[in-house]
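So the structure is just underneath, and the comments pick up after that.
Protein chains: 2
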Amino acid sequence: MSSPAGFQPVHRESTSSLITRALREGIMNGRLPAGAQLSEAGLAAEFGVSRGPLREAMQRLVQEGLVRSELNRGLFVKELDEAEIRDLYLTRTAIETAAAYTLAHSEGAAAGAQRLRERAAAMAEAAAAGDLNALADADFAFHEELVSLAGSPRLHRMHETLMVETRMCMTALQETYFDPEDQVAEHSRIAEAIAVGDDEVLRREIEEHMQEALDRLVRAGHQG
Amino acid sequence: MSSPAGFQPVHRESTSSLITRALREGIMNGRLPAGAQLSEAGLAAEFGVSRGPLREAMQRLVQEGLVRSELNRGLFVKELDEAEIRDLYLTRTAIETAAAYTLAHSEGAAAGAQRLRERAAAMAEAAAAGDLNALADADFAFHEELVSLAGSPRLHRMHETLMVETRMCMTALQETYFDPEDQVAEHSRIAEAIAVGDDEVLRREIEEHMQEALDRLVRAGHQG
DNA sequence: CCTGTGAAGATTGTCAACAATCCGGAGATG
DNA sequence: CATCTCCGGATTGTTGACAATCTTCACAGG
Numbered sequence: 125m126s127s128p129a130g131f132q133p134v135h136r137e138s139t140s141s142l143i144t145r146a147l148r149e150g151i152m153n154g155r156l157p158a159g160a161q162l163s164e165a166g167l168a169a170e171f172g173v174s175r176g177p178l179r180e181a182m183q184r185l186v187q188e189g190l191v192r193s194e195l196n197r198g199l200f201v202k203e204l205d206e207a208e209i210r211d212l213y214l215t216r217t218a219i220e221t222a223a224a225y226t227l228a229h230s231e232g233a234a235a236g237a238q239r240l241r242e243r244a245a246a247m248a249e250a251a252a253a254g255d256l257n258a259l260a261d262a263d264f265a266f267h268e269e270l271v272s273l274a275g276s277p278r279l280h281r282m283h284e285t286l287m288v289e290t291r292m293c294m295t296a297l298q299e300t301y302f303d304p305e306d307q308v309a310e311h312s313r314i315a316e317a318i319a320v321g322d323d324e325v326l327r328r329e330i331e332e333h334m335q336e337a338l339d340r341l342v343r344a345g346h347q348g
Numbered sequence: 125m126s127s128p129a130g131f132q133p134v135h136r137e138s139t140s141s142l143i144t145r146a147l148r149e150g151i152m153n154g155r156l157p158a159g160a161q162l163s164e165a166g167l168a169a170e171f172g173v174s175r176g177p178l179r180e181a182m183q184r185l186v187q188e189g190l191v192r193s194e195l196n197r198g199l200f201v202k203e204l205d206e207a208e209i210r211d212l213y214l215t216r217t218a219i220e221t222a223a224a225y226t227l228a229h230s231e232g233a234a235a236g237a238q239r240l241r242e243r244a245a246a247m248a249e250a251a252a253a254g255d256l257n258a259l260a261d262a263d264f265a266f267h268e269e270l271v272s273l274a275g276s277p278r279l280h281r282m283h284e285t286l287m288v289e290t291r292m293c294m295t296a297l298q299e300t301y302f303d304p305e306d307q308v309a310e311h312s313r314i315a316e317a318i319a320v321g322d323d324e325v326l327r328r329e330i331e332e333h334m335q336e337a338l339d340r341l342v343r344a345g346h347q348g
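Taken in sequence, the protein lines are chains A and B. Residues in the first sequence are numbered from 125 upward in steps of one, following our numbering. Residues in the second sequence are numbered from 125 upward in steps of one, following our numbering.
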């Protein structure tokens with residue numbers, strides 16, 4: 125747009141940034157389970173770097189709240205008890221409501237709603253095929269897209285962390301989708317509310333959706 | 125509460141954590157102005173530590189979004205243009221609305237509203253005395269208290285960063301309180317809305333307050 | 001049996017030195 | 001005069017080593 129040939133500035137990434145992403149991924153998919161100690165020497169050897177860059181990556185995760193640091197003891201993947209899970213969903217509601225509200229009032233509301241409809245359709249497809257893994261992926265993709273479309277760097281960055289935590293406790297609790305059709309319907313209603321632009325409905329849909337998801341998780345936690 | 129003698133776990137802090145706070149303070153009050161390069165060697169010497177812990181602290185600030193990292197070039201205090209300031213206030217609205225909503229629906233709503241009334245009273249006192257510095261402090265204390273009272277660790281952590289950014293651009297723009305009385309009144313209305321528990325009013329009051337604050341900042345930016 | 005002592009082992013916290021990269025200017029070349 | 005090349009200085013990125021701390025276990029004493 126602004127530059128003559130429309131080039132993006134070259135984007136190279138620091139080592140600690142790469143390691144941060146890799147560790148975050150590991151926490152998300154359960155390869156680094158909640159409560160596990162993160163050994164500096166061991167992980168540094170795995171990544172093939174020295175402890176310096178690895179420690180820097182750790183500090184990022186500490187700041188993000190995914191890792192807890194105990195002085196002279198080590199770093200541990202944060203464990204989520206029920207209160208934490210409730211707080212997680214409270215915060216997700218805050219962020220996603222704001223994102224949806226912003227999107228619904230922006231120029232790209234119609235286009236955004238269309239994108240979200242497509243995501244919901246992908247969920248429906250996965251649900252129909254009985255592929256619960258694909259359904260979960262599509263579910264996350266929907267929420268990721270929702271916040272992305274709002275175009276707010278801060279909301280997006282905060283949401284990233286929250287989604288890691290969400291996925292973390294879903295894998296930990298082995299939560300299964302009980303009513304896939306209901307899930308799809310909830311997401312579709314959110315997309316439609318954005319298309320229509322009714323704030324009140326939008327807020328209610330998101331709030332209910334989060335409440336449902338939270339209830340499922342808490343139930344799974346009590347049973348499992 | 126839960127433990128027999130009610131002791132808290134001993135809380136010692138890591139060096140990088142201390143340095144992070146000190147740097148954050150420096151960014152907030154303008155001692156490290158926006159766009160400034162943060163020299164590792166220089167700062168390490170000032171703190172009397174080696175570059176290791178200092179770099180760890182830097183990574184935390186990068187993750188927080190207060191500092192921007194350019195590979196092999198250095199670290200720079202993030203600059204806030206108008207779009208960024210708008211995003212900042214959009215996000216503050218999201219977080220503080222959620223906090224106020226949570227507080228208003230909690231058991232401690234009445235007590236919380238009282239605490240906020242006291243904060244607003246402190247603002248009124250500062251405004252009456254014409255002490256704009258004290259007014260700004262009381263203003264921040266009000267918002268800090270509001271989010272603290274919600275009792276959500278995630279909202280609180282996110283809000284912390286946002287307040288640093290807010291203060292950063294206020295000091296950068298030398299924003300002065302134009303209508304101190306109006307300011308106090310806006311805060312009082314928020315406290316009362318929490319006491320009453322009317323969600324709709326609460327949302328509107330916070331949204332308007334943020335919009336007002338944003339407008340003042342943007343105007344100051346265009347003039348200054 | 002419970003408590004206190006002490007050393008071994010492992011892990012984290014810190015540091016100073018080395019390697020790689022970038023920026024600026026002097027000088028050569030056309 | 002413009003451009004290219006090269007070098008010195010400075011800064012960041014990374015490493016391996018050292019110091020401090022914590023945990024675990026065995027063992028002696030009451």
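Glycine residues also receive a C-beta, built at the ideal position from the N, C-alpha and C atoms.
- DSSP places Ser138 (chain A) outside both helix and strand once states are collapsed to three, so it counts as coil.
- Annotated three-state conformation of Val191 (chain B) is strand, per DSSP.
- Apart from the 5 residues on each side of it in sequence, Asn153 (chain B) sits with its Cβ closer than 8 Å to the Cβ of Arg291, Thr295 in its chain, given in chain order.
- Within 8 Å of the CB of Gln161 (chain A), no CB atom of chain B is found; the nearest one sits about 16 Å away.
- In the DSSP assignment, Gly198 (chain A) falls within the beta strand (DSSP E) that extends over 198-201.
- Cβ neighbours of Leu204 (chain A) within its own chain (closer than 8 Å, five residues either side excluded): Ala158, Leu212, Glu289, Met292, Cys293, Ala296.
- Taking 8 Å as the threshold, the shortest C-beta distance from Asp211 (chain A) to chain B falls below it.
- Contact annotation for Ala246 (chain B) against chain A: no contact, minimum CB-CB distance about 27 Å [criterion: below 7 Å].
- Phe302 (chain A) counts as exposed, since fewer than 16 other beta carbons sit within 10 angstroms of its beta carbon.
- Here Ala207 (chain A) is exposed. Its C-beta has fewer than 16 other C-beta atoms within 10 Å.
- In terms of beta-carbon proximity, Ser230 (chain B) stays away from the interface with chain A, with every pair separated by 8 Å or more.
- Look at Gln335 (chain A) here: in three-state DSSP terms it is helix.
- Any Cβ of chain A closer than 8 Å to the Cβ of Pro304 (chain B) would place that residue at the interface, and such an atom is absent.
- Going by C-alpha positions, Glu324 (chain A) is about 13 Å away from Glu316 (chain A).
- Contacts with chain B at 8 Å (Cβ-Cβ) do not include Arg291 (chain A).
- Within chain B, the residues whose beta carbon sits less than 9 Å from that of Leu279 (chain A) are Asp211, Leu214, Thr215, Ala218, listed in sequence order.
- Interface annotation, Glu180 (chain A): in contact with chain B, CB-CB separation under 8 Å.
- Between Ala319 (chain A) and the set A:Arg197, A:Gly150, A:Tyr225, A:Glu268, the nearest pair of CA atoms involves A:Tyr225.
- Against chain B, a Cβ distance below 8 Å from Thr300 (chain A) picks out nothing, because the smallest value is about 26 Å.
- In the structure shown, Leu162 (chain B) adopts extended strand secondary structure according to DSSP, grouped into three states.
- Counting every other CB atom within 10 Å of its CB across the protein chains shown gives Gln335 (chain B) a total below 16, marking it as exposed.
- With a contact defined as Cβ atoms closer than 8 Å, Gln161 (chain A) and Leu199 (chain A) qualify at about 7 Å.
- Separation of Gly232 (chain A) and Ala223 (chain A) (C-alpha to C-alpha, rounded to the nearest whole angstrom) is 13 Å.
- At a cut-off of 8 Å between beta-carbon atoms, Met282 (chain B) makes contact with chain A.
- For the pair Ala262 (chain A) and Ala262 (chain B), the Cα-to-Cα distance works out to about 46 Å.
- In this structure, the alpha-carbon of His267 (chain B) lies about 8 Å from that of Glu220 (chain B).
- Leu178 (chain B) sits buried, since 16 or more C-beta atoms from the chains shown fall within 10 Å of its C-beta.
- Rounded to whole angstroms, the Cβ separation of Ala168 (chain B) and Ser174 (chain B) is 6 Å, and the two are in contact under 8 Å.
- Against chain B, the beta carbon of Ser193 (chain A) has neighbours under 7 Å at Ser138, listed in chain order.
- A residue is called buried once 16 or more other Cβ atoms fall within 10 Å of its Cβ, and Thr144 (chain B) is buried on that count.
- Under the Cβ distance rule, Glu203 (chain A) does not count among the residues neighbouring chain B, no pair being separated by less than 8 Å.
- Arg343 (chain B) and Gly166 (chain A) have their alpha carbons spaced roughly 53 Å apart.
- Using a Cβ-Cβ cut-off of 8 Å, Ala146 (chain B) does not count as an interface residue toward chain A, since no Cβ of chain A sits closer than that to its own.
- In the three-state reduction of the DSSP assignment, Ser272 (chain B) falls in the helix class, which pools H, G and I.
- Per DSSP, reduced to three states, the secondary structure at Val308 (chain A) is helical.
- In terms of beta-carbon proximity, Gln132 (chain B) stays away from the interface with chain A, with every pair separated by 8 Å or more.
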